[in-house]
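Okay, so here's the structure we're looking at.
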Amino acid sequence: MMQPAGGMVQQQMAPAPMDQHQQTQPQQWTVMPPPPQPQYYQAQPPPMWNQQPSQIPPPVPQSVPQPQYPAPAAAPQPASADEIRTLWIGDLQYWMDENYLFGCFVSTGEVLSVKIIRNKQTGQSEGYGFIDFATRATAERVLQTYNGQMMPNIEQTFRLNWATCGSGERRDDGPDYTIFVGDLASDVTDYLLQETFKNRYSSVKGAKIVADRLTGRSKGYGFVRFGDLNEQTRAMTEMNGVYCSSRPMRVGPAANKKGGAQQYSSNERFAGTIKIVS
DNA sequence: GGTGAGCGC
């Protein structure tokens with residue numbers, strides 16, 4: 001396959017006077033099928049997001065703000081040291097590059113940088129990245145409003161979260177109690193699933209539909225996280241058979257994937273196949 | 001049909 005020389009960015013009208021543009025990354029799509037290349041972005045990003053870590057100072061964990069990137073002129077007051085202004089974004093398609101990401105958030109006018117994490121050898125996107133905003137307030141607003149909304153040019157929703165800044169695990173309030181939800185119709189989104197449960201259980205923290213990473217399509221199951229163990233337990237019986245979109249859900253205990261507060265032992269979860277008589 | 005993904009490659 002021929003690789004587009006000088007990167008994948010189609011310059012339509014941006015000045016982009018910098019020729020460092022080409023030396024940035026040796027994009028190699030050797031193991032990739034030809035990417036779709038839709039006209040996805042609405043705006044050309046300024047060159048600054050292309051900066052490589054080579055010229056930034058050594059990591060200064062959380063002491064000083066250190067604006068490593070030229071901040072936009074209108075940037076509201078610099079954030080204080082402990083403010084997280086970076087969002088993590090996941091479920092990215094392989095063809096989604098920095099340009100695409102930037103275009104997604106350019107309307108905020110406060111994107112300082114976007115970065116997609118790539119595999120060193122293959123150059124392939126790891127499917128997640130980071131977006132740095134000028135202020136925490138903006139980052140927060142983006143988190144609230146974009147999360148769960150449709151991404152441009154694809155049947156897929158934004159998956160955003162706060163970036164955990166190294167040591168800080170500010171995973172908020174306490175443990176999660178998760179349930180597995182299966183038999184979901186393909187059109188059920190994180191949001192719908194979450195709301196379906198939140199209507200009845202106030203401690204619902206979030207929901208996630210598991211999607212195929214290559215296609216972005218739902219695999220027909222997902223997870224709902226509760227803050228309250230009682231509600232989780234109740235939901236496991238009460239919500240069984242309840243409709244979400246066009247189909248009745250099947251709910252059960254979730255395997256405790258990572259840490260979590262799941263109280264199930266490794267094989268106890270298979271007891272979920274027998275209906276609990278209450 | 002089925003038990004994720006996800007923190008700086």
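Numbering (UniProt numbering), first residue to last: 1 to 278. Virtual Cβ for every residue (Gly too), placed ideally from N, Cα, C. Since the structure is predicted, the reported quantities are computational estimates derived from the model, not experimental observations.
Report the start-end ranges of each beta strand (DSSP E) in the segment 104-129 that is 3 residues or longer and not cut off at the edges. 111-118
Taking C-alpha atoms, which residue in Leu229, Gly252, Asp132 lies nearest to Lys205? The residue labelled residue 205 in the question sits at position 205 within the first sequence. The option with the nearest alpha carbon to Lys205 is Leu229.
Take the Cβ of Gln144 as the centre, count every other Cβ of all protein chains shown within 10 Å, and call the residue buried at 16 or more, exposed below. For this step, residue 144 is matched to residue 144 along the first sequence. Classification for Gln144: exposed.
CB of Val181 within 8 Å of CB of Gly241, strictly: Start at 1 with the first residue of the first sequence, and residue 181 comes out as number 181. Start at 1 with the first residue of the first sequence, and residue 241 comes out as number 241. No. Outside cutoff.
Thr138 (DSSP reduced to helix, strand or coil): In the first sequence, residue 138 corresponds to position 138, counting from 1. Helix.
Exposed or buried, Val64, counting other C-beta atoms within 10 Å across all chains shown (16 or more means buried)? Here residue 64 refers to the residue found at position 64 of the first sequence. For Val64, the predicted structure reports a pLDDT of 33, less than 50, and the residue's modelled location is therefore unreliable. A value from the coordinates is still provided. The residue is exposed, with fewer than 16 neighbouring Cβ atoms inside 10 Å.
Less than 8 Å between the C-beta atoms of Ile116 and Ser125, yes or no? What you label residue 116 is simply residue 116 of the first sequence in a count that begins at 1. What you label residue 125 is simply residue 125 of the first sequence in a count that begins at 1. Against a cut-off of 8 Å, the Cβ pair of Ser125 and Ile116 comes out as a contact.
Please tell me whether Ala163 and Thr86 are closer than 8 Å, where the distance is taken between their beta carbons. Residue numbering aside, residue 163 sits at position 163 when the first sequence is read from its first letter. Residue numbering aside, residue 86 sits at position 86 when the first sequence is read from its first letter. Yes, the Cβ-Cβ distance between Ala163 and Thr86 is below 8 Å.
Does the Cβ of Ser218 have 16 or more other Cβ atoms within 10 Å, making it buried, or fewer, making it exposed? Here residue 218 refers to the residue found at position 218 of the first sequence. Buried, by the Cβ-count rule.
So the alpha helix (DSSP H) Tyr221 belongs to, where does it begin and stop? The sequence position of residue 221 within the first sequence is 221, counting from 1. First-last for Tyr221: 218-226, but that is the beta strand (DSSP E), not the alpha helix (DSSP H).
Whose C-beta lies closer than 6 Å to the C-beta of Ala139 among residues of the same chain, with five residues either side of it excluded? One-based indexing of the first sequence puts residue 139 at position 139. Closer than 6 Å at Cβ, skipping near neighbours: Arg85, Leu87, Phe133.
Return helix, strand or coil for Met249, following the three-state DSSP convention. Within the first sequence, residue 249 is the residue found at index 249, counting from 1. It is coil, neither helix nor strand.
Spatial neighbours of Asp183 within its chain, please: C-beta separation below 8 Å, excluding the five flanking residues on both sides. Walking along the first sequence from the start, residue 183 turns up at place 183. Within the same chain, Asp183 has close Cβ partners Gly220, Tyr221, Arg247, Pro248, Met249, Arg250.
Contact check, Asp91 vs Gly123 under 8 Å by CB: the rounded distance? As a first step, residue 91 must be located in the first sequence, where it is residue number 91. As a first step, residue 123 must be located in the first sequence, where it is residue number 123. With 8 Å as the limit, Asp91 and Gly123 do not qualify as a contact, their Cβ atoms being about 19 Å apart.
How many whole angstroms separate the CB atoms of Ile89 and Gly129, which I take to be in contact at a CB cut-off of 8 Å? By one-based count along the first sequence, residue 89 stands at place 89. By one-based count along the first sequence, residue 129 stands at place 129. Between Gly129 and Ile89 the Cβ distance is about 5 Å, and since that is below 8 Å, they are a contact.
Using a threshold of 7 Å, is the CB atom of Asn119 nearer than that to any non-hydrogen atom of the ligand NAP? The model depicted lacks the ligand NAP and carries no ligand whatsoever.
Measure from the alpha carbon of Leu160 to the alpha carbon of each residue in Gly109, Leu101, Arg225, Asn256, then state which is nearest. The residue you call residue 160 lines up with position 160 of the first sequence. Nearest option by C-alpha distance: Leu101.
Per-residue burial, Gly227 [other beta carbons within 10 Å of its own, 16 or more giving buried]: Position 227 of the first sequence, counting from 1, holds the residue named residue 227. Gly227 comes out buried.
Taking DSSP's pairing of strands, which residues face Asn147 in a bridge? For the purposes of this step, residue 147 is taken as the residue at position 147 of the first sequence. For Asn147, which the question treats as bridged, DSSP gives the partners Phe158.
Alpha-carbon spacing of Ala255 relative to Arg225, whole angstroms: Within the first sequence, residue 255 is the residue found at index 255, counting from 1. Within the first sequence, residue 225 is the residue found at index 225, counting from 1. Looking at the two C-alpha atoms, the distance is approximately 12 Å.
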